[in-house]
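Inspection log for the structure reproduced underneath, given as structure tokens.
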Amino acid sequence: LRCQDQHPFDGTFSDLRFFDVVLQRAACMNACIDEKLGSQSVHKVSEDVVQDFHRRIPYNYLQLAYQKLQQPEKAAAAAHTYFQANPEHVEMGQDLEQYKDLQGVEENHFVDREARPHQFTFTKAVKFYDSGDYEGAAALFEDALVEYYKADVECRALCQGPQGFEGHDHLRYRYSLHELVSDHFTQVLHCEHECVRDLATRPGRLSPMENYLPLHYDYLQFAYFKVNRPEEALQCALTYCLFHEEEEFMTENVEFYREIVGHEGKPREEAAWYLRRHRQELELLLTGSTTMGVDFTEGNYWSNSGGRDDSNRIPSGTNGWMDYVPISEKKNASAVVSLQLREGGPLLYDGVKLVQNSLALNGTQRVLLDHVISEEECSNLRGLAHAVTMAGDGYRGRMSPHTPNEKFEGATVLKTLQYGYEGRVPMRSARLFYDTSERVRQIVESYFLLNSTLHFSYTHLVCRTAISGQQDHRNDLSHPIHADNCLLDPD
101 LRCQDQHPFD GTFSDLRFFD VVLQRAACMN ACIDEKLGSQ SVHKVSEDVV
151 QDFHRRIPYN YLQLAYQKLQ QPEKAAAAAH TYFQANPEHV EMGQDLEQYK
201 DLQGVEENHF VDREARPHQF TFTKAVKFYD SGDYEGAAAL FEDALVEYYK
251 ADVECRALCQ GPQGFEGHDH LRYRYSLHEL VSDHFTQVLH CEHECVRDLA
301 TRPGRLSPME NYLPLHYDYL QFAYFKVNRP EEALQCALTY CLFHEEEEFM
351 TENVEFYREI VGHEGKPREE AAWYLRRHRQ ELELLLTGST TMGVDFTEGN
401 YWSNSGGRDD SNRIPSGTNG WMDYVPISEK KNASAVVSLQ LREGGPLLYD
451 GVKLVQNSLA LNGTQRVLLD HVISEEECSN LRGLAHAVTM AGDGYRGRMS
501 PHTPNEKFEG ATVLKTLQYG YEGRVPMRSA RLFYDTSERV RQIVESYFLL
551 NSTLHFSYTH LVCRTAISGQ QDHRNDLSHP IHADNCLLDP D
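Taking the numbering used here, the leading residue of the sequence shown gets 101, the next gets one more, and so forth.
Given below as structure tokens:
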């Protein structure tokens, strides 16, 4: 009762009104789904099926079917569509090369049937820009923005469905109404907040394109300047500054445009509103993470290290001359400290064996160790993995992030310890996962003779399983050699 008194709805809003809206929306959604898709008991599918469509698996079958039907142009389109989301698939890459040599298959047949309109239009606009067609580029960048904000609405709408985010398994153990509602709302809000990342991520990639949305306005301000439309150029430059207030080259552009048009100008309202909402969501997520005891870290959604590559980015002079001051390519602002790389320190634990050092591994700060854990501990961790790991965990829901031929299942230390406290796995096994991670951290810190404490930002227990039916007639690596999740966290 005290909580209700301290945090009431406003005078025109009540609990009954809130639940009335929720129930009405639920009924509306059910009616809409039944109308468009039929009975819900028929069209509900498992998470595995959803992931297959995300990975564009049907197009792999489609290209084979079109081959049998002797329709090579459609087979080429299906193969190209699949390959865009699975660029590591060696056999499909070879099939595409063969399609190019077939009679009747033209370059325009290689289309991505699942291309996202906002990304497709943006890419096309960049090509116009690079070719010097600034009028055409400006029109296409405007279309790309329209498609982007439309895609954002659709992305956020999809977040209204069932949620099952990592770290929220404790939901089923909460019985308070407001805890349940706020927990689920936090998950939905996090999903909506992450649409920024989703819309900037290309098919088959884990990381988004840098500075994706602000880059539209960067291109636009310069394209409008090139076609002598300073009003629009000023507006787009001011809009870019909403995302990067201290960007020197753009603030110089703003001052230049202001001298030409004779007034201060205003940024675009849709972008200003978009950013206000994004910041309000962040405040709520930080509050929710504190209240519900779930970690939340704000991502760098609009890293300004991603910029246009052309050297003429800053217009200069207000005497009626359209001159340009070339600037060098952007450099990383962080100071580069020359470090003498060292290794060969003590391995701390009895029995740990050095197998290969940096020289043997053809690089720097590399080491291969054995006997870090015992056979019994290894067996214990394998058993633990089968109990706690989940497909797609740690890979933004993608079950096969590196290759379509394997399924990845993972679990974090936090999730494993929660399972231990809840009695779903032996606490001794959960603790072993944490202790092993800490043991590795100490060994690495000691072996490389680090002068400061080494901190882990992410620890993951992963199981890789060969997918049945996708292993025949292959000559590619099961898991292509790649850099693991060892990227320096700037924080």
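Glycine included, C-beta positions come from ideal geometry on N, C-alpha and C.
Nearest candidate by alpha-carbon position, reference residue i, set the options
i      : options                           : result
Phe322 : Asn311, Glu310 and Leu338         : Leu338
Asp450 : Asn457, Leu469 and Gly463         : Leu469
Leu384 : Cys478, Gln287 and Gly365         : Gln287
Arg213 : Ala179, Glu254 and His278         : Ala179
Tyr248 : Tyr234, Cys295, Asn208 and Glu279 : Cys295
Glu509 : His486, Tyr521 and Pro526         : His486
Gly388 : Val281, Arg358, Gly236 and Met350 : Val281
Leu386 : Tyr374, Gly399 and Leu375         : Gly399
Pro526 : Asn480, Pro217 and Leu561         : Asn480
Pro308 : His316, Leu299 and Pro314         : Leu299
His560 : Leu514, Asp148, Pro217 and Glu331 : Leu514
Tyr319 : Glu345, Cys563, Glu346 and Tyr234 : Tyr234
Ser474 : Gly362, Asp535 and Ala511         : Asp535
Glu345 : Ala165, Leu375 and Gly483         : Leu375
Arg539 : Ser552, Phe556 and Arg368         : Phe556
Arg60  : Gly193, Arg329 and His284         : Examination of residue 60 is not possible in this model, given that the chain is present from 101 through 591 alone.
His378 : Arg256, Glu242, Ala126 and Glu348 : Arg256
Ser537 : Cys259, Phe119, Tyr558 and Arg117 : Tyr558
Asp115 : Thr512, His278, Ala371 and His284 : His278
Cys259 : Phe285, Met192, Glu370 and Leu137 : Phe285
DSSP-derived helix/strand/coil call for residue i
i      : result
Gly510 : strand
Val437 : Low confidence applies here, because Val437 scores a pLDDT of 34, under 50, leaving its location unreliable and the question unanswered by this model.
Glu429 : Note that Glu429 scores a pLDDT of 31, beneath 50, so its modelled location is shaky and nothing firm can be said.
Cys295 : helix
Met490 : strand
Phe119 : helix
Thr565 : strand
His344 : coil
Arg125 : helix
Asn208 : helix
Arg329 : coil
Phe396 : coil
Asn130 : helix
Trp373 : helix
Asp230 : helix
Tyr166 : helix
Gln260 : coil
Lys136 : helix
Tyr401 : coil
Glu214 : coil
Glu522 : coil
Gly193 : helix
Tyr249 : helix
Asp201 : coil
Lys58  : Nothing can be reported for residue 58, as the shown portion of the chain is limited to 101 through 591.
Thr464 : coil
Ala300 : coil
Lys174 : helix
Arg156 : coil
Gly444 : coil
Val354 : helix
Expected contact under 8 Å - CB spacing of residue i and residue j to nearest Å
i      : j      : result
Ala333 : Tyr340 : With a Cβ gap of about 11 Å, Ala333 and Tyr340 do not count as contacting.
Pro314 : Trp373 : Actually they do not touch by this definition, with Cβ atoms about 15 Å apart.
Leu245 : His316 : 5 Å
Arg564 : Glu522 : The pair is not a contact, with the Cβ atoms about 26 Å apart (cut-off 8 Å).
Ala237 : Ala225 : 5 Å
Beta-carbon proximity list for residue i, same chain, < 8 Å, skipping 5 on both sides
i      : result
Gly204 : Pro172 and Glu173
Gln465 : Leu441, Glu443, Ser458 and Phe548
Glu381 : Leu289, Glu292 and His293
Leu196 : Ala176, Ala179, His180, Phe183 and Phe210
Ile543 : Leu447, Leu448, Tyr449, Val452, Leu469 and Val472
Tyr166 : Pro172, Lys174, Ala175 and Ala178
Per DSSP, cross-strand counterpart(s) of residue i
i      : result
Leu469 : Leu454
His560 : Thr512
Beta-carbon proximity list for residue i, same chain, < 6 Å, skipping 5 on both sides
i      : result
Leu517 : Ala530
His471 : Gly451, Val452 and Lys453
Phe396 : Leu385 and Ser389
Pro217 : Glu247
His154 : none
Thr301 : Pro308
Ser546 : Gly445, Pro446 and Leu448
Val327 : Tyr234 and Glu235
Val437 : Residue placement at Val437 is flagged as unreliable, the pLDDT there being 34, under the threshold of 50; the coordinate-derived value follows with that caveat. Here the set comprises nothing.
Chain-order list of residues whose beta-carbon lies under 7 Å from that of residue i (same chain, five-residue window excluded)
i      : result
Leu461 : Leu468
Pro187 : Gly304
Asn419 : Low local confidence applies: a pLDDT of 33 at Asn419 is under 50, so the model's placement there is unreliable, with the coordinate-based value given in what follows. Result list for Asn419: empty, nothing under 7 Å.
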